[in-house]
């Protein structure tokens, strides 16, 4: 379970005003040492792991650009953050180049050619519990290696070998597990212990005992796989020995991925979703990620009100944003899917007029929560909380916002024997049976049904923000269905409430995703009066674990300074 670390945000100066309406618990109050990271020379890298940050910063200091650093960080996280960092998963990246280009990279996993719409259903057409979440059959064709390498080929400046070498060295030598990493192995023990190769790579030699905090995780086979990528580029993963190992393990364990699937995998370069918010240009990920579309939809709704005057943490602000989130998630369930397979009405969803209509509907209800049953029929898909995000910016004018994942913690739980990396369980992000609740009681739509070579819907929301045409902010987060609301709230914290980046990232969060019809809040963050007011409005207020793991950067272009912040909620 995610928890707050001891490195937390100071709530001095402007934070006193921002947090005045919140019951600031000891974690937020006892944080005078937490400040934004500052750089005035080459740029910043913000991820959830200090070793990965160090590798990326060294790339910038050696003259590499943000894309070079992002590639190095992506490979390093595959070694030092195995529960989410990966070469066996996929994700999205938003890139802003020094010459003003804005482009996105879709390296989301794809359904294998042998995948079928009903592949996780029993003879009575009911979902088979766990089949889409655990084991080899739950894996989609990985996209991370292709995505990182194509980013480098198109916009990088340094050789792949140089960028991947720190990851190879660390995999060979090993690294000491943090307390959080050791806890994660314990939490996922029952899933991981099922697979012989996983026990071999991530357990002690007895195959039964997990590593403890401070013990060294060595990954020799992963180092060999990374070396093949360093030597042969993308073909070093999707063809040759690594592809042979993947196919062999799939055949042995009932998986679907073949060498043909791997060889035919393609990255898709897509135009970003773009919009504006109070004079800032928002650039984010287009479908099959729903993130950018619905971040813009939520912000467009907020733009109709004087949010700053409402005050951070007020019942009025929470009510407006929760209702905006409710409408956005209702639309998400009905319209979003892989645009290569279904028509997605992005233009309408991000239009200012549509947002104004929703705002009017919210206001017409008065100070009352509109029951989700009255907004739109349908349900939300379940999504994992275990993803990872990192942000990179250089002073040359380049920036990269990357969110990638293996879906659930440690993905499918199954590692490729001989290759040393974990496979994703991304097939669970499809609608396993459209229109019928899955094992979580959640339902998805036909737009996200399984089909060969299709990419599942996602909430990943890597985002870049410009001000007057210049780079201003790089932001994103893991958190499954909560990614969209997390990123939207951090953006609002900066633009509407004048928080610095550390304050904006550490500030308490809430989440409304339409169904289940509940307002989720982090523990000990609402003052009682605000909580009671929200309940009177009709909200079912539910206290949940900390939400998200934001890593963000802000640029002060006038003074040639960057400020970065990682989320105090989580550190791997």
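Numbering (my numbering), first residue to last: 109 to 680. Cβ atoms here follow ideal geometry from the backbone N, Cα and C, with glycine treated the same way.
Would you list the residues sitting across from residue 154 in a DSSP beta bridge? DSSP, once it has assigned bridges, lists 499 as partnering residue 154.
Start and end of the alpha helix (DSSP H) containing residue 268? 268-281
Residues in its own chain within less than 6 Å of residue 586 by CB, not counting five upstream and five downstream? 495, 496, 497, 657
Here's the rule I'm using: 16 or more other beta-carbon atoms within 10 Å means buried, otherwise exposed. How should residue 650 be labelled? With fewer than 16 Cβ atoms within 10 Å of its Cβ, residue 650 is classed as exposed.
For residue 630, the three-state DSSP class (helix, strand or coil): strand
When DSSP builds the beta bridges, which residues end up paired with residue 581? 573, 662
According to DSSP, residue 146 sits in a beta bridge with which residue or residues? 671
How would you label residue 479, buried or exposed, when you count the other beta carbons within 10 angstroms and need 16 or more for buried? exposed
Just verifying my parser: in three-state terms, what is the DSSP assignment at residue 407? helix
Cβ neighbour criterion (16 or more within 10 Å) applied to residue 391: buried
Once the 5 residues before and after residue 415 are set aside, which same chain residues still bring their CB inside 7 Å of it? So the qualifying residues of the chain are 425, 600, 604.
Could you check the C-alpha separation between residue 668 and residue 146 for me, to the nearest Å? 11 Å
For the putative contact between residue 187 and residue 284, defined by C-beta atoms under 8 Å, what is the C-beta separation to the nearest angstrom? The Cβ separation is near 13 Å, so there is no contact.
Endpoints, the alpha helix (DSSP H) within which residue 255 is located: 252-263
Per the contact definition of three or more C-beta pairs closer than 8 Å, is the stretch 145-162 in contact with the stretch 245-257? no
In the DSSP assignment, what residue or residues form a beta bridge with residue 189? Partner(s): none; residue 189 has no beta bridge.
Per DSSP, residue 204 forms a beta bridge with which residues? 210, 507
Quick check on residue 547: does DSSP put it in helix, strand or coil? Below a pLDDT of 50, predicted positions are generally treated as unreliable, and residue 547, at 35, falls in that range; the measurement from the model is reported next regardless. Note: residue 547 maps to coil in three-state DSSP.
From which residue to which residue does the alpha helix (DSSP H) around residue 650 run? Note, residue 650: premise wrong, no alpha helix (DSSP H); beta strand (DSSP E) at 649-652.
Check this for me: beta carbons of residue 184 and residue 158, under 7 Å apart or not? no
Counting pairs of Cβ atoms below 8 Å between the stretch 169-177 and the stretch 517-529, do you hit three or more? The stretch 169-177 makes no contact with the stretch 517-529, as fewer than three CB pairs between them are under 8 Å.
Burial state of residue 576, where buried means 16 or more other Cβ atoms lie within 10 Å: exposed
State the start and end residues of the unbroken alpha helix (DSSP H) segment that holds residue 517. Unbroken run through residue 517: none, as it is neither H nor E.
In the DSSP output, what is residue 389 paired with across the bridge? 384, 574
Nearest to residue 569 (by Cα), restricted to the options 557, 560, 589: 589
Would you say residue 594 and residue 655 are within 7 Å of each other, going by their C-beta atoms? yes
Kindly list the residues whose CB is nearer than 6 Å to the CB of residue 182, restricted to its own chain and excluding five residues on each side of it in sequence; keep chain order. 256
Given a threshold of 16 other Cβ atoms within 10 Å of its Cβ, counted over all protein chains shown, does residue 371 qualify as buried or as exposed? With a threshold of 16 other beta carbon atoms within 10 Å, residue 371 falls short and is exposed.
Euclidean distance between Cα positions of residue 193 and residue 518: 9 Å
Locate the beta strand (DSSP E) running through residue 376, then write down its first and last residues. 376-378
Assuming residue 198 and residue 640 form a contact by the criterion Cβ under 8 Å, report the distance between their Cβ atoms to the nearest whole angstrom. Contact between residue 198 and residue 640 fails: their C-beta atoms lie close to 44 Å from each other, not under 8 Å.
What are the boundary residues of the alpha helix (DSSP H) that includes residue 194? Residue 194 -> no alpha helix (DSSP H), and no H or E assigned at all.
Look at residue 155 and residue 292 and say whether their C-beta atoms are less than 7 Å apart. no
What does residue 318 pair with, by DSSP beta-bridge criteria? 311
CB-CB under 7 Å to residue 330, same chain, minus the five flanking residues each way: which ones, in chain order? 187, 279, 528, 529
Range of the contiguous alpha helix (DSSP H) that encloses residue 621: For residue 621, there is no enclosing alpha helix (DSSP H), as DSSP gives it neither H nor E.
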